[in-house]
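Engineer:
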Amino acid sequence: MKNVLVTGGLGFIGSHTCVELLQRGYKVIAVDNLSNSEIQVKDRITKISRENIVFQQLDLVQKDEVKSFFEAHAIDSIIHFAASKAVGESVENPLHYYQNNLISLLNLLEASKAYSVNQFVFSSSCTVYGQPDKLPVTEDTPKKPAESPYGNTKQIGEEILEDFCRVNPTFKAISLRYFNPIGAHKSALIGELPLGVPNNLVPFITQTAAGIREKLNVFGGDYDTPDGTCIRDYIHVVDLALAHISALEYADRMEENYDFFNVGTGNGFSVLEVIKSFEKVSGVNLNYEIVDRRPGDIEKIYADTTKVNQKLGWKAKLGLDDMTHSAWEWQKTL
Ligand code: WQD
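With my numbering, letter number 196 in the sequence shown gets 196, and the count goes up by one each step, no holes.
Laid out in structure tokens, this is it:
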């Protein structure tokens, strides 16, 4: 069975993907610099999967460290999650984002060439589309200039991969453009662990319900949507993890050596609909107030998932209530 390197393996999506890989018999080596994750997640992954996971703390920006890692480990495939991902923070600290997100990718690709790793799954994002003119977005929807350095690192990352694949025909890469990952594993042993005040909607909702935050500010109630609040394509993190398994399997049979896919549910939900779902599944009356729009937010986006359904044979199975319920079960353990 393949030896799979999972970078950012103790992070939110990384940890859920490690569980699914281990449960399917893959050998998993997880690396993480622990800048936005906690070491106890490693034992939680083992507890859920009942399989051993190899873990090494590693800063992928340090080229020598990356080289020594590949000298010590035989790797067949890489799933690359490790990146800084806070949109607002990237505006304040662009150099950190370009350094961390792009140099780590370049180091991994150089190592892949030197150590004959020929399969690479890249964590990309629907932010490459900006505010699409037409919905739902397909993979042919033109990319718009990134609205943040974070989004720019995803656009540039995809271009780096495409150029690398063009001159390395045996190397196969797949970019997965995530929509909005939320929720947690049904065991409530792993989930989202935002450091400090959450940027994202669902951890802010659950922390408000848990009394950690006083109230949720809903950013904007005057958008051109049915209830005036922004629409997103929320996807359960376990469905997203399973998309990575399907991508690894696709890498064994794909004809071209670079491809990219929207990974969403195909359904758009507004902020108020997410709140309503949460209140239904938790029985908690959420304290929220509609305030001004958040600069940089796009109005609405949701995916056309035809390509990923047909070529990878993957489709999201879990609905919004599953997502908000699992997020709440996880929050209650913290
Ligand atoms: C969702 C909606 C906010 C917080 C995320 C990731 C980004 C990318 C795409 C992967 C928006 C509203 C939020 C709050 C609110 N994913 N909101 N009050 O901005 O779509 O981006 O998904 O690459 O990395 O950040 O997600 O959860 O921040 O916002 O009203 O306190 O919730 O305005 O409409 P976003 P989000």
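Built from N, CA and C at the ideal position, the CB exists for glycine as well. Since the structure is predicted, the reported quantities are computational estimates derived from the model, not experimental observations.
(1) Determine the direct distance from the alpha carbon of Arg253 to that of Val237, and round the result to whole angstroms.
(2) Report the option in Ala209, Arg50, Arg177, Lys172 whose CA atom is closest to the CA atom of Ser77.
(3) From His185 to Asn52, what does the alpha carbon distance come to, in whole angstroms?
(4) Could you check the C-alpha separation between Val91 and Ala82 for me, to the nearest Å?
(5) The alpha helix (DSSP H) that contains His325, what's its start and end?
(6) Arg24 by DSSP, collapsed to three states: which one?
(7) I'd like to know whether the C-beta atoms of Gly88 and Asn168 end up nearer to each other than 8 Å.
(8) DSSP has Glu289 in a bridge; who is on the other side?
(9) Nearest-angstrom Cα distance between Tyr234 and Gly313?
(10) Can you tell me which of Leu195, Asp222, Asn309, Phe164 puts its alpha carbon nearest to the alpha carbon of Val291?
(11) Taking the alpha-carbon positions, what's the Glu299 to Arg213 distance?
(12) Return the CA-CA distance between Asp140 and Ile301, expressed in angstroms with no decimal places.
(13) Please return the same chain residues whose Cβ sits closer than 6 Å to the Cβ of Tyr115, not counting the five positions on each side in sequence.
(14) Along the chain, where does the beta strand (DSSP E) that runs through Thr7 open and close?
(15) With distance defined between alpha-carbon atoms, name the residue in Glu255, Ala316, Ser277, Ser246 nearest to Tyr26.
(16) What does Ala303 pair with, by DSSP beta-bridge criteria?
(17) Report the residue from Arg177, Pro136, Val128 whose alpha carbon sits nearest the alpha carbon of His244.
(18) Can the beta-carbon of Tyr258 be found less than 8 Å from the beta-carbon of Cys165?
(19) Can you check which of these residues, Gly228, Lys144, Ala327, Lys2, is closest to Leu128 by C-alpha distance?
(20) When the Cα of Gln155 is compared with those of Gly191, Pro203, Leu320, Leu105, which residue comes out closest?
(21) So if DSSP puts Asn262 in a beta bridge, which residue, or which two residues, is it bridged to?
(22) Between Leu102 and the ligand WQD, is the CB less than 7 Å from at least one heavy atom?
(23) Among Pro94, Asp133, Thr153, Thr324, which has the Cα closest to the Cα of Ser123?
(24) Leaving out the 5 sequence neighbours to the left and right, which residues in its chain are closer than 7 Å to Asn118 when beta-carbon positions are compared?
(25) Based on the DSSP secondary-structure assignment, which residues constitute the bridge partners of Phe269?
(26) I think Gln40 touches Thr206, with their Cβ atoms under 8 Å apart; what is that distance to the nearest whole Å?
(27) Verify whether the separation of the beta carbon atoms of Gly335 and Pro136 is less than 8 Å.
(28) Considering only the beta carbon of each residue, do Val284 and Thr324 sit closer than 8 Å?
(29) Which residue wins for smallest C-alpha separation from Ile79, given the options Ala327, Asp304, Leu193, Thr17?
(30) Does at least one heavy atom of the ligand WQD sit under 7 Å from the Cβ of Val87?
(31) Does the distance from the CB of Gly9 to the CB of Asn101 come in under 8 Å?
Structural biologist: Per the coordinate set shown:
(1) Counting from 1 along the sequence shown, the entry for residue 237 is found at position 237. Counting from 1 along the sequence shown, the entry for residue 253 is found at position 253. Distance between the alpha carbons of Val237 and Arg253 is about 25 Å.
(2) The residue you call residue 77 lines up with position 77 of the sequence shown. Considering only alpha carbons, the answer is Lys172.
(3) Residue mapping note: residue 185 aligns to position 185 of the sequence shown, counting from 1. Residue mapping note: residue 52 aligns to position 52 of the sequence shown, counting from 1. Approximately 18 Å, taken between the alpha carbons.
(4) Against the sequence shown, residue 91 aligns to sequence position 91. Against the sequence shown, residue 82 aligns to sequence position 82. Distance between the alpha carbons of Val91 and Ala82: 19 Å.
(5) As a position in the sequence shown, residue 325 is number 325, starting the count at 1. In the DSSP annotation of this structure, the continuous segment of the alpha helix (DSSP H) that includes His325 starts and ends at 320 to 331.
(6) Position 24 of the sequence shown, counting from 1, holds the residue named residue 24. Coil, per DSSP.
(7) Against the sequence shown, residue 88 aligns to sequence position 88. Against the sequence shown, residue 168 aligns to sequence position 168. For Gly88 and Asn168, no; Cβs fall outside 8 Å.
(8) As a position in the sequence shown, residue 289 is number 289, starting the count at 1. Beta-bridge pairing links Glu289 to Asn217.
(9) Against the sequence shown, residue 234 aligns to sequence position 234. Against the sequence shown, residue 313 aligns to sequence position 313. So the alpha carbons of these two residues sit roughly 20 Å apart.
(10) Here residue 291 refers to the residue found at position 291 of the sequence shown. The candidate whose alpha carbon is nearest that of Val291 is Asp222.
(11) Taking the sequence shown and counting its residues from 1, the one referred to as residue 299 is at position 299. Taking the sequence shown and counting its residues from 1, the one referred to as residue 213 is at position 213. Across the structure, Glu299 and Arg213 are spaced so that their CA atoms are roughly 25 Å apart.
(12) The residue labelled residue 140 in the question sits at position 140 within the sequence shown. The residue labelled residue 301 in the question sits at position 301 within the sequence shown. Approximately 15 Å between the Cα atoms of the pair.
(13) Indexing the sequence shown from 1 puts residue 115 at position 115. Closer than 6 Å at the Cβ level, and outside the excluded window around Tyr115, lie Phe70.
(14) Looking up residue 7 in the sequence shown gives position 7. Segment 3 to 7, the beta strand (DSSP E) holding Thr7.
(15) By 1-based counting over the sequence shown, the position of residue 26 is 26. The shortest Cα separation from Tyr26 among Glu255, Ala316, Ser277, Ser246 belongs to Ser246.
(16) The sequence position of residue 303 within the sequence shown is 303, counting from 1. Beta-bridge partners of Ala303 (DSSP): Val137.
(17) In the sequence shown, residue 244 corresponds to position 244, counting from 1. Of the listed residues, the one whose Cα sits closest to His244 is Arg177.
(18) Looking up residue 258 in the sequence shown gives position 258. Looking up residue 165 in the sequence shown gives position 165. The answer is yes: Cβ separation under 8 Å.
(19) In the sequence shown, the residue the question calls residue 128 occupies position 128. The residue asked about is misnamed: residue 128 is Val in this sequence, not Leu. The shortest C-alpha separation from Val128 is found at Lys144.
(20) Here residue 155 refers to the residue found at position 155 of the sequence shown. Answer by Cα proximity: Leu105.
(21) Here residue 262 refers to the residue found at position 262 of the sequence shown. Answer by DSSP bridge pairing, in chain order: Arg177.
(22) For the purposes of this step, residue 102 is taken as the residue at position 102 of the sequence shown. No, since every heavy atom of the ligand WQD falls outside the 7 Å radius drawn around the Cβ of Leu102.
(23) The count along the sequence shown starts at 1 and reaches residue 123 at position 123. Comparing Cα-Cα distances from Ser123 to each of Pro94, Asp133, Thr153, Thr324, the minimum goes to Thr153.
(24) As a position in the sequence shown, residue 118 is number 118, starting the count at 1. Closer than 7 Å at Cβ, skipping near neighbours: Thr170, Phe171, Lys172.
(25) Locating residue 269 in the sequence shown gives position 269, where the first residue counts as 1. Note: Phe269 sits in a beta bridge opposite Arg232.
(26) Position 40 of the sequence shown, counted from the first residue, corresponds to residue 40. Position 206 of the sequence shown, counted from the first residue, corresponds to residue 206. 19 Å between Cβ atoms; not a contact.
(27) The chain is shown from 1 up to 334; residue 335 falls before or after that span and cannot be answered.
(28) Here residue 284 is taken as the residue at index 284 of the sequence shown, counted from 1. Here residue 324 is taken as the residue at index 324 of the sequence shown, counted from 1. Not in contact: Val284 and Thr324 (Cβ atoms no closer than 8 Å).
(29) Residue numbering aside, residue 79 sits at position 79 when the sequence shown is read from its first letter. Taking only the C-alpha atoms, the option nearest Ile79 is Thr17.
(30) For the purposes of this step, residue 87 is identified with residue 87 of the sequence shown, where counting begins at 1. Result yes, Cβ under 7 Å from the ligand WQD.
(31) Locating residue 9 in the sequence shown gives position 9, counting from the first residue. Locating residue 101 in the sequence shown gives position 101, counting from the first residue. No.
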